[in-house]
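Here the structure comes first, spelled out in structure tokens, and everything after it is commentary.
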Amino acid sequence: MGFYILSLERMKNRSASEQTNEFKKQYFAEFGEEISDEKAMALGTKLLTLFQHIYRPVKKDWLAVVSDDQNSNKI
């Protein structure tokens with residue numbers, strides 16, 4: 025999915041109105057459909073909630089395992 029998500033660092037310095045407008049712009053670019061502010065807020069909230077539930081920082085020991093696996097698979 026080519027949906028562009030702004031970094032939270034950049035978004036936290038914007039007003040709710042600016043964040044909603046940015047989400048609406050990106051939604052239109054991805055799906056070709058204009059949405060209301062209310063729908064943008066609902067979808068944006070669902071998206072952020074999903075990320076809250078699934079995002080976990082990569083632990084250094086996990087990163088080392090992945091790096092080792094990738095290096096051993098090289099021909």
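25 is the number of the first residue of the sequence shown in my numbering; add one for each residue after it.
Yeah, the Cβ is synthetic: ideal placement off N, Cα and C, and Gly gets one too.
Candidates the options, of which the one nearest residue i by Cα
i	options	result
A40	D61, V90 and Y79	D61
K36	L72, F55, E57 and K63	L72
Pair within 8 Å by beta-carbon distance, residue i and residue j
i	j	result
F52	G68	no
T44	A64	yes
Length of the line joining the Cα atoms of residue i and residue j
i	j	result
Q94	Q76	28 Å
G56	Q50	9 Å
L74	E58	22 Å
Y79	A88	19 Å
F27	K70	For F27, the predicted model reports a pLDDT of 47, less than 50, meaning its position is unreliable and no value from the coordinates is stated.
S91	D85	10 Å
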